[in-house]
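Peer 1:
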Amino acid sequence: MGPSSQTNVTNVRKRTIYQLDTPFSTVSWPDISLEDQESILELLCSLLSSLGQHRRDHVKPSKGKRAAKRGKVTADQKDLAKDQPIPKAPELGLKVDIGFNVIARNLEGKSRGESGHTENADGDVDMQTNETVYSMVFVARGDQSSAFNCQFPRMVAAATKELPPDCQTRLIGFSKSCSERLSKSLHIPRVSSIAIKRDAPGCKALWDFVREKVPPVDAAWLGKPQDQTSYLPTRINSIETTVGQKKTRKT
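Quick note on the working numbering: the sequence shown kicks off at 910 and runs consecutively.
Listed below in structure tokens is the structure:
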């Protein structure tokens, strides 16, 4: 390293910037072994295959408005389509939500107490009256940036914090890339996240395996009773960073 390089290193300007952070502890993703993740993915794809087969056989993919104008369907083809009605989609399709927006909307509604669980005369939670609660949420973490899916643990924890541990929504994050595999199973161009409701038909084997291998999302600070609350000071992170050199004006 020459003298000029050493001078540049020693003359690097530094400054401290401050970042406001939450005083609450972060909510981590449940720890799932890669072997269990692969088994869960296999069961999930097998469950969703009926939906993909129906879309593959009876749902024509959209090619845009221009393509529709260029290839107009003849009157004979229209009559043929009327004579061959599309079979009804599998019942499972009504119990599966696909995509971040719809899943986040449902979880946020549950965290606000919409359609919350009820208790019977014995004080036990009656899950039969809450069919819209998700039993499982699957996220293809390996295909996305952490900024896109980092809020899933908090949303799932907040939505099911009042449920018994055995009934809480299980969050499964696939570490390896699996979006393409899920897309093929559902015959959809892109799949980032999937949620299955508690009363979905045919998912008993998947739910039993997930419930055994995947723990509920741990967010202890969400379930604290009011008489145990304590003051949490503001958390401010200090980060030391370098400042770029000023550009010299050309005269």
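All residues carry an ideal CB built from backbone N, CA and C; glycine is no exception.
Quick caveat, the model's predicted, so the values are computed rather than measured.
Sort Lys1019, Lys1113, Ile949, Arg924 by Cα distance to Ala1049 and report the nearest one.
Peer 2: Among Lys1019, Lys1113, Ile949, Arg924, the Cα nearest to that of Ala1049 is on Ile949.
Peer 1: Where do the ends of the beta strand (DSSP E) carrying Phe1057 lie?
Peer 2: Segment 1055-1058 is the alpha helix (DSSP H) holding Phe1057; no beta strand (DSSP E) there.
Peer 1: Between which two residues does the beta strand (DSSP E) harbouring Leu952 extend?
Peer 2: Counting along the chain, Leu952 falls outside any beta strand (DSSP E), though it belongs to the alpha helix (DSSP H) covering 943-967.
Peer 1: Assign Leu953 to buried or exposed, taking buried as 16 or more other Cβ atoms, counted over all protein chains shown, within 10 Å of its Cβ.
Peer 2: The residue in question, Leu953, is buried, as its Cβ has 16 or more Cβ neighbours within 10 Å.
Peer 1: According to DSSP, which residues form a beta bridge with Met1045?
Peer 2: Paired residues: Arg1079, Ile1105.
Peer 1: With burial defined as no fewer than 16 other Cβ atoms inside 10 Å of the residue's Cβ, what is the status of Gln928: buried or exposed?
Peer 2: Exposed, because fewer than 16 other Cβ atoms sit within 10 Å of the Cβ of Gln928.
Peer 1: Would you identify the three-state DSSP class for Asp1117, choosing helix, strand or coil?
Peer 2: Correct three-state label for Asp1117: helix.
Peer 1: Measure the alpha-carbon distance for Pro996 versus Ile1012 and round it to whole angstroms.
Peer 2: Rounded to whole angstroms, Pro996 to Ile1012 spans 27 Å at the Cα level.
Peer 1: With DSSP run on the structure shown, which of helix, strand or coil describes Lys1159?
Peer 2: Looking at Lys1159 - three-state DSSP - the assignment turns out to be coil, as it is neither helix nor strand.
Peer 1: Which residue from Phe1083, Pro1098, Arg1107 puts its Cα closest to that of Cys1076?
Peer 2: Comparing Cα-Cα distances from Cys1076 to each of Phe1083, Pro1098, Arg1107, the minimum goes to Arg1107.
Peer 1: Contact between the region 1053-1064 and the region 1109-1122 is defined here as three or more beta-carbon pairs at a separation below 8 Å; is this criterion met?
Peer 2: With the cut-off at 8 Å, the region 1053-1064 and the region 1109-1122 do not touch.
Peer 1: Taking 9 Å as the threshold (C-beta atoms), are Arg924 and Val1152 in contact?
Peer 2: Yes; because the gap between Cβ atoms is below 9 Å, this pair is in contact.
Peer 1: Can we count Pro1125 as close to the ligand SAH, meaning its CB is less than 8 Å from some heavy atom?
Peer 2: In the structure shown, the ligand SAH is absent, as is every other ligand, since no ligand is present at all.
Peer 1: Suppose the cutoff is 7 Å on Cβ atoms and the five residues either side in sequence are ignored; what does the same chain contact list for Ile941 look like?
Peer 2: Answer for Ile941: Ile1081, Lys1122, Val1123, listed in chain order.
Peer 1: Does DSSP put Val1065 in a helix, in a strand, or in coil?
Peer 2: Helix, per DSSP.
Peer 1: Under three-state DSSP, which class holds Arg1090?
Peer 2: The answer is helix: DSSP assigns Arg1090 an H, G or I state.
Peer 1: Quick check on Ser1086: buried or exposed, where buried means 16 or more other Cβ atoms within 10 Å of its Cβ?
Peer 2: It counts as exposed.
Peer 1: Could you tell me the distance, in whole angstroms, from the CA atom of Pro1074 to the CA atom of Ile1097?
Peer 2: Each residue's Cα considered, the two are about 33 Å apart.
Peer 1: So, are the CB atoms of Leu1131 and Lys1070 less than 9 Å apart?
Peer 2: Yes, the pair counts as a contact, with Cβ atoms nearer than the cut-off.
Peer 1: Just to check my reading of the structure: Leu1001 and Ala1109 have Cβ atoms closer than 8 Å, yes? What is that Cβ distance to the nearest angstrom?
Peer 2: Correct: roughly 6 Å between the Cβ atoms.
Peer 1: Can you find the residues in the same chain that come closer than 7 Å, C-beta to C-beta, to Ala1067, ignoring five residues on each side of it along the sequence?
Peer 2: Only Ser1020, Leu1131 meet the Cβ criterion.
Peer 1: Can you grab the Cα-Cα spacing for the pair Pro999 / Gly1022, in whole Å?
Peer 2: Rounded to the nearest angstrom, the two C-alpha atoms are 30 Å apart.
Peer 1: Within this structure, are the beta carbons of Thr1078 and Ser1102 separated by less than 9 Å?
Peer 2: No.
Peer 1: List the residues that DSSP assigns as beta-bridge partners of Glu1149.
Peer 2: Answer by DSSP bridge pairing, in chain order: Thr925.
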